[in-house]
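In the order they appear, the protein sequences are chains E and S.
Position 251, counted from 1, in the first sequence is what our numbering calls 251; the numbers after and before it change by one each time, with no gaps.
Position 142, counted from 1, in the second sequence is what our numbering calls 142; the numbers after and before it change by one each time, with no gaps.
These notes concern the structure reproduced below.
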Amino acid sequence: MLKTLFHGQLQLGLAQAGVAALTALLVVMAAARRGIHLEKDLAIAMARGLVQIVAVGSILLLLLRSPSWTSIFLLVAMIIAAGATSARRAKGMPGAFQVSTWSIACGAGSVIALMTALGVIDTPITALVPVGSMLIANAMNTNGLALNRFRSDVLAHVGEIETALALGADGKSSVSPYVQVSFEASLIPAIDSLRSLGIVWIPGLMAGMLLSGARPIYAAIYQFVLLAMIFAASGLTSLISTLLIRARVMSPAEQLILRPGQ
Amino acid sequence: MTAPEPSQADSVILRVENLGRSVPGKILVSGATFELRKGETLAIVGPSGSGKSSLLRLLNRLDEPTTGTVYVDGTDYRQIPPRELRRRIGMVLQRPFLFPGKVAENLQFGPKQRGQKLSPSEIEELLAGVGLSGFESRDVSNLSGGEAQRVSFARALANSPEALLLDEPTSALDEAAKRDVETLIRQIGQEHGIPCVLVTHDVEQAARLAERALVLEGGQIVRSGPVKEALHA
């Protein structure tokens, strides 16, 4: 219906964005009737998301003819932004931004570098930045889940942790059960994505490749490649962040810093 | 740092000097000065929020003092590695927080941190000491509240501590279990000679168990001395 009303690609895109946003708004209004207020969060998130993605699209347009190495700057900026976003999920945890940024940089960054070096990810900006951003975004989500779970588990088990400390355990081993659980829980979405690939969902990249004329088998295989890379980047990020953060919740004198009300 | 000249030096296990802790906007404990002597039970009493547990947590450095220090056998406790300090100054909390598994595994926890292992006879002896002979293989999920608390005492004693800090150890127990644990606290002092610092809001319990008492209000010691004098002044 929209295509009959809007003929220009930009106008059509804006109309589609408006309809999609309206649908999300209706859901939020339904939630508000049940006393769950997400209006402000959603309005800010949608406005930010739209501005950010249009800005990146514009930058990509400018960079299209730049040499490949310029994409490194864009990916580094994405990693820093991902670190800041992810750290918000770990409210009250000391050093969450540094831990998140370093973890995403090492986790997603190393997978992007390795895969680019091996030729799995193409080097032109139009391929490297979008694929790299998918790995960074998923690493950010996984990292946020891991830190959020670790934080809530530590806060829920202060008694057990301090009992272990009071019996002479070291700080790291006192919180290690919660490191393991957080790591495992953070990877559930990535594992489920791999498990349900092709059955529950056909991801956007594959749809895009099919639309641009790629052979369906190659598009399908590359989608698997992408999800495997996402899993590797997310897993490595979560592993690093949970190991780094466990040292941050303890003082040098092996005292639990992260406690309710502190 | 050198310890000040102690009075009754031979019998003092802990010497607490001007100990305090503040967090932004609140003084939790201020200027606490006292001694813990061999074999005695020292009660810390006071209303809710008076800083009893905060003071206790400073004694094994679970929290960092912002003023003063504690001398353990004459050594400033900041010079003792925290893990070693906590082995020497054991602690039993209000709730036992047993680790999932068997009773014997809980008793092994402390020694295991130092690469040691208790023998079956040592475990049996520790359990007999808290009135739980034959409980080695019991799963902790099947214990009553009183039994679990007695296991937590045995677990603390497995570290061979020089003193024990008891943070309201009977407040979550029913009357019968409370009496059992009180008997156990007396035995620890009388038979093992291990001095205890007992935090309690129950003045009668303090009078039953302790030789001396400190009364805390607003984070400060307002009275101290022999238990009857301190509590009924």
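Ideal Cβ placement from N, Cα and C applies to all residues, glycine included.
| Query | Result |
| --- | --- |
| Among S:Q205, S:L216, S:R86 and S:G131, which residue has its Cα nearest to the Cα of S:N159? | S:R86 |
| Residues of chain E with a CB under 7 Å from the CB of S:D63: which are they? | Q255 |
| How would you list, in chain order, the residues of chain S whose beta-carbon sits under 8 Å from the beta-carbon of E:D170? | R83 and Q113 |
| For S:T2, does the three-state DSSP call read helix, strand or coil? | Only weak support is given to the placement of S:T2: the predicted model assigns it a pLDDT of 40, under 50, and the value that follows is read from those uncertain coordinates. It is coil, neither helix nor strand. |
| I'd like to know if E:A166 contacts chain S, where contact means its C-beta is closer than 7 Å to some C-beta of that chain. | yes |
| Within 10 Å of its beta-carbon, does E:F231 have 16 or more other beta-carbons around it, so buried, or fewer, so exposed? | buried |
| Give the DSSP-derived three-state secondary structure of E:F183 in the structure shown. | helix |
| Output, in sequence order along the chain, the residues in the region 69 to 94 of chain E whose CB is closer than 7 Å to any CB in chain S. | none |
| Looking at chain E, which residues of the region 153 to 166 of chain S have a Cβ within less than 9 Å of any of its Cβ atoms? | R155, A156, A158, N159 and L165 |
| Do S:V92 and S:F135 come within 7 Å of each other at the CB atom, strictly closer than that value? | no |
| Extract the residue ranges of the beta strand (DSSP E) inside the region 44 to 88 of chain S, only unbroken runs of 3 or more that lie entirely within it. | 67 to 72 |
| Considering only C-alpha positions, which residue in the set E:M134, E:V225 and E:L165 is nearest to S:G237? | Since the displayed chain S opens at 1 and closes at 233, residue 237 of chain S lies outside it and no answer follows. |
| At the 7 Å Cβ level, is S:G219 part of the contact set with chain E, yes or no? | no |
| Using a Cβ cut-off of 7 Å (strictly closer), state whether E:E184 contacts chain S. | no |
| Can you tell me which of E:Q11, E:V28 and E:G83 puts its alpha carbon nearest to the alpha carbon of E:I104? | E:G83 |
| When the distance is taken between beta carbons, is S:V197 closer than 7 Å to S:S173? | It is worth fixing the name first, because residue 173 of chain S is Leu in this sequence and not Ser. It is not a contact, given that the beta carbons lie outside the stated cut-off. |
| When burial is assigned at 16 or more other CB atoms within 10 Å of the CB, is S:D167 buried or exposed? | buried |
| Sorted by chain position, which residues of the same chain lie with C-beta nearer than 7 Å to E:S182's C-beta, five sequence neighbours on each side aside? | A146, R149, F150, D153 and T242 |
| Would you kindly work out how many angstroms separate the C-alpha atoms of S:R78 and S:T69, rounded to a whole number? | 8 Å |
| Opposite S:I27 in the DSSP bridges: which residues? | S:S22 |
| Does the region 220 to 237 of chain E touch the region 27 to 45 of chain S, meaning 3 or more C-beta pairs lie closer than 8 Å? | no |
| Could you name the residues of the same chain whose beta carbon sits closer than 6 Å to that of S:A3, not counting the 5 residues immediately before and after it, in chain order? | Below a pLDDT of 50, predicted positions are generally treated as unreliable, and S:A3, at 42, falls in that range; the measurement from the model is reported next regardless. Excluding positions up to five away in sequence, the list reads Y71 and G74. |
| With H, G and I counted as helix, E and B as strand and the rest as coil, what does DSSP make of S:S144? | coil |
| So which residues of chain E does S:G110 contact, with C-beta pairs closer than 7 Å? | L167 and G168 |
| Answer with buried or exposed for E:Y218, where buried requires no fewer than 16 other C-beta atoms within 10 angstroms of its C-beta. | exposed |
| Give me the subset of the region 93 to 104 of chain S whose CB atoms are less than 9 Å from a CB atom of chain E, sorted by chain position. | L93, Q94, R95, P96, F97, L98 and F99 |
| When you compare the CB positions of S:P234 and S:L58, do they come within less than 7 Å of one another, or not? | The requested residue 234 of chain S is not part of the displayed model; chain S covers only 1 to 233. |
| Measure the CB-CB distance between S:A104 and S:I123 and report whether it falls below 7 Å. | yes |
| Span of the alpha helix (DSSP H) holding E:D41? | E39 to L63 |
| Who are the near neighbours of E:V131 in its chain, counting only those whose CB is closer than 6 Å to its CB and skipping five residues on each side? | I121 |
| Starting from S:R87, find everything on chain E with Cβ-Cβ shorter than 7 Å and list it in chain order. | G168 |
| Starting from E:T195, follow the alpha helix (DSSP H) in both directions and report where the run begins and ends. | It is Arg, not Thr, that sits at residue 195 of chain E in the sequence shown. It spans I188 to R195 - the alpha helix (DSSP H) in which E:R195 sits, taken as one unbroken run. |
| Kindly list the residues whose CB is nearer than 8 Å to the CB of E:A31, restricted to its own chain and excluding five residues on each side of it in sequence; keep chain order. | H37 and L38 |
| If you count every other CB in all the chains shown that lies within 10 Å of the CB of E:I44, and 16 or more means buried, which is it? | exposed |
| Does the distance from the CB of S:A230 to the CB of S:A207 come in under 7 Å? | no |
| Between the Cα of E:V56 and those of E:S68, E:K172, E:M46 and E:A77, spot the shortest distance and give me the residue it belongs to. | E:A77 |
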